[in-house]
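In this note's numbering, the protein residues as written are 349 to 630. The structure appears right after this line, and notes come after that.
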Amino acid sequence: MKDEIVCLPTLAEEMGKKLPSTLEALISNGIELAEIEKLVEDAGTDILEIASFPLRRARLKAPILKPSKIVCLGLNYEDHAKERGKATPDEPIFFMKPRTTIIGQHDQIVKPSFVSQLDYEAELAVVIGKRAKNVSASGARSFIFGYTILNDVSARDIQFKDKQWTRAKSFDTFAPIGPSITTKNQVRNVSDLKIHTWVNNELRQDSTTAFMAFNVFEVVHHISHVMTLEPCDIISTGTPAGVGFALKPKPQFLQEGDVVVIEIEDLGTLRNTVINEDQLDS
Ligand code: MG
């Protein structure tokens, strides 16, 4: 079944059952992963064949298109804090991106005409499965649906001018997400996953989620003490060392035609190309 997609609504229908037609509805309706896994297990070869088609025939959209919010962590990796000459904070620092930033696998990152310092940030993203408020770190896992990759695309010139993040990180297309969601039970150890970024095949980020100052469960705990987390909300957990503006001997920013590839162990590979705003079809 490698490189095949199983269409769950079709599979369910063939078995006389019904599943929502979108992943967001599936998560929001609180359908348990075990229930879905059982359905796939119980389906015979014939039904699996009817419900499957090759990945190459699909165009992948972002796995979540309309989360109620995207919360992002700043300075959450020891190696990245170090390259910025800073210490990791004693409490998580977070900010938000609007959902209009979301694009999917192979979609284009649009470089606005007045941005000169466009940069990438490879991040592990948490997808919330259940409403969470004031949850403990030890109980946080049960509120998580799964994990994906998020590229926290940033306009550094604007970020450093504004001295905060909102404008610099909120442009349309500044949150490529994907290629899919890996459900939490398919990830071996979320606190020890290799994370890599290549720009035009040149390795830029080479780290591990083991370097996070606050692990995903601590992050969910802290954020849930501020705001209610809702199903499908996305938490992007910060980036490791190797971002473009911190490169030595000199910074390197993204230009039109650059291909950014991010790989996180167990989560797959997210690939996007940069295009100039004035090259877009109007
Ligand atoms: Mg970031």
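The beta carbon of each residue, even a glycine, is placed where N, CA and C say it ideally should be. Values in this document were obtained by computation on a predicted structure and should not be read as measured data.
Segment contact: the segment 535-553 against the segment 607-615, three or more CB-CB distances shorter than 8 Å; contact assigned.
In this model, Asn-377 and Val-354 are separated by some 20 Å (Cα to Cα).
By the Cβ criterion, the segment 560-579 is in contact with the segment 481-490, since at least three pairs of Cβ atoms, one from each stretch, lie closer than 8 Å. Taking each of Pro-588, Asp-626, Ala-410 and Lys-596 in turn and checking the Cα distance to Phe-559, the smallest one comes out for Pro-588. Taking every protein chain shown into account, the CB of Asp-581 has 16 or more other CB atoms within 10 angstroms, so this residue is buried.
In this chain, the alpha helix (DSSP H) harbouring Pro-357 covers 356-362.
Distances between the C-beta of Ser-572 and the heavy atoms of the ligand MG are all 7 Å or more. When the beta-carbon positions are compared, Ile-384 and Leu-403 stay at least 8 Å from each other. The ligand MG approaches Thr-587 closely enough that one of its heavy atoms is under 7 Å from the residue's Cβ.
Relative to the ligand MG, Ser-490 has its C-beta separated by 7 Å or more from all heavy atoms. Every unbroken stretch of the beta strand (DSSP E) spanning 3 or more residues and falling wholly within the segment 441-495 is given here in chain order: 441-445, 456-459 and 470-476.
In this structure Thr-496 touches Pro-411 by the C-beta definition: roughly 6 Å separates them, less than 8 Å. Per DSSP, reduced to three states, the secondary structure at Arg-432 is coil, with no helix or strand assignment. In the three-state reduction of the DSSP assignment, Phe-601 falls in the coil class.
A direct Cα-to-Cα measurement between Asp-438 and Ala-429 gives close to 12 Å.
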